[in-house]
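Contents: one structure, followed by commentary.
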Amino acid sequence: MGRIVLSAILALSFSTSLSHAQSSWTGGDDLPTNPLACDGTAAAAASVPYDGGQPTNAPDRNGKTITVVDVPKLVGIGYFNATSKGIADAAAEMGTMDAKTDGPSRANIDDQITLIDNYITSGVDGILFAANDPVAISPVLKKALAAGINVVGYDANSEPDARQWFVNQAEFNGIAKSMIDALAAEIGEDGAFAIVTSTFTTPNQARWIAEMEAYQAECYPNMKWLETVEAQEDNILSFNQANTLINKYGDEMKGILGMTSVATPAAADAVTQAGQCGNVAVVGLATPNAMKPYVASDCVKSVVLWNPVDLGYAAAYVLRAVADGTLEPGATSVEAGKLGELQVINGSEILLGAPFVFTKDNINDFDF
Numbered sequence: 251m252g253r254i255v256l257s258a259i260l261a262l263s264f265s266t267s268l269s270h271a272q273s274s275w276t277g278g279d280d281l282p283t284n285p286l287a288c289d290g291t292a293a294a295a296a297s298v299p300y301d302g303g304q305p306t307n308a309p310d311r312n313g314k315t316i317t318v319v320d321v322p323k324l325v326g327i328g329y330f331n332a333t334s335k336g337i338a339d340a341a342a343e344m345g346t347m348d349a350k351t352d353g354p355s356r357a358n359i360d361d362q363i364t365l366i367d368n369y370i371t372s373g374v375d376g377i378l379f380a381a382n383d384p385v386a387i388s389p390v391l392k393k394a395l396a397a398g399i400n401v402v403g404y405d406a407n408s409e410p411d412a413r414q415w416f417v418n419q420a421e422f423n424g425i426a427k428s429m430i431d432a433l434a435a436e437i438g439e440d441g442a443f444a445i446v447t448s449t450f451t452t453p454n455q456a457r458w459i460a461e462m463e464a465y466q467a468e469c470y471p472n473m474k475w476l477e478t479v480e481a482q483e484d485n486i487l488s489f490n491q492a493n494t495l496i497n498k499y500g501d502e503m504k505g506i507l508g509m510t511s512v513a514t515p516a517a518a519d520a521v522t523q524a525g526q527c528g529n530v531a532v533v534g535l536a537t538p539n540a541m542k543p544y545v546a547s548d549c550v551k552s553v554v555l556w557n558p559v560d561l562g563y564a565a566a567y568v569l570r571a572v573a574d575g576t577l578e579p580g581a582t583s584v585e586a587g588k589l590g591e592l593q594v595i596n597g598s599e600i601l602l603g604a605p606f607v608f609t610k611d612n613i614n615d616f617d618f
């Protein structure tokens, strides 16, 4: 299984046409963007000071068995089942980490905060998390740091000083380029499209959308954003939202971008049931197994993702390195077991790798 399995996630929408000025639109955040070059020229790496937090009076955990809880956005979906498997695999491989996953049953930030707070009270050595809301989760993570607990994020970040490190599945501008390029290849450089996302506050999706808007405006200025809709990482709501978009925009809409591993297969199902395969392209983030039927039927050409098993695996190794004191502020890389050496970017982030596009030619090589 390739270590950097990435997949395309494209369901972008906008309430106004990009033929108008670049006004703000629902779905992206308001942070600065850094779009990659249209021709793929690599950007120069910038040195950024460490901006993460630090635990207060953490005990010596070097080489000792540590108790770790993984609190993802939610449990019971394929994507976070895969990250949980990666964490469990790494823990078993290391032999010095007792790790379990205990996330909310829905993508709800209040439920996630309550779970983390309970584990701070009961006592753990380390917390792994994927945030439902980057700002709302930060106070409870800072509480964990103040209690001497090591804190590492993955998949969806918090505010930097609320955790020590964040394992980034791929740089946001890299995913943005892969998604928009894949969409443009299918619907043309002047096609219209919409996005199905989870919520407008989910940090990684909002960042991807903002970077996609910036890259599209620079490299495909004639493409048209129609609308972005929320679907709460719920399969039925995602299907219904995609179906509504199909009915609302008709022949005008040439593509749907799915921003989550739930939204993308649901959108593909909606397009299939509406008899619009070949008329409405679906590009998005999803696990390969969920997309295999739609890729096999030629209704979906491109799926963008990374390997979520490897993402969880890397996060566990980063937490172990932090607990051992071998990963400290100012480091430029970290060893992550079978994944080898991973690079530090943006001050306090660890980069898993670059996006990967699944197609009919390679999707059956993967099983997750």
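Using the numbering used here, the letters of the sequence shown correspond one by one to residues 251 to 618.
All residues carry an ideal CB built from backbone N, CA and C; glycine is no exception.
- Between the C-alpha atoms of Phe416 and Gly277 there is a straight-line separation of about 22 Å.
- In this structure, Thr522 places its C-beta atom within 8 Å of the C-beta atom of Tyr544.
- Here DSSP, grouped into helix, strand and coil, assigns Ile359 to helix.
- Taking the Cα positions, Val530 is about 14 Å away from Ala432.
- Ala456 is positioned such that its CB atom lies closer than 8 Å to that of Phe450.
- Per DSSP, the continuous alpha helix (DSSP H) segment holding Glu461 begins and ends at Pro453 to Cys469.
- Beta-bridge analysis with DSSP links Gly376 to Val318 and Asn400.
- By the Cβ neighbour-count rule, Ala349 is buried, with 16 or more other Cβ atoms within 10 Å of its own.
- In the structure shown, Glu439 adopts coil according to DSSP, grouped into three states.
- Selection Tyr499, Asp501 and Asn490 evaluated against Ala518 yields Asn490 as nearest (Cα-Cα).
- Between Ala516 and Asn485, the C-beta gap is smaller than 8 Å, which places the two residues in contact.
- The DSSP-derived three-state label of Ile327 is coil.
- In the structure shown, Thr351 falls within a strand segment according to DSSP collapsed to helix, strand and coil.
- According to the DSSP secondary-structure assignment, Met503 is paired through a beta bridge with Ala442.
- Leu378 sits close to Leu569, with the two beta carbons spaced by under 8 Å.
- Annotation for Val554: the continuous beta strand (DSSP E) segment containing it runs Ser552 to Leu555.
- Nearest in C-alpha terms to Glu502, of all of Asn423, Leu476 and Ala434, is Leu476.
- Partner residues in the beta bridge of Gln593, as assigned by DSSP, are Ser583 and Leu601.
- One alpha carbon belongs to Asp352, the other to Pro322, and they sit about 8 Å apart.
- Two segments are said to touch when three or more pairs of C-beta atoms, one from each, lie closer than 8 Å; by this definition the stretch 406-422 touches the stretch 546-566.
- For Asn418, the enclosing beta strand (DSSP E) begins and ends at Trp415 to Asn418.
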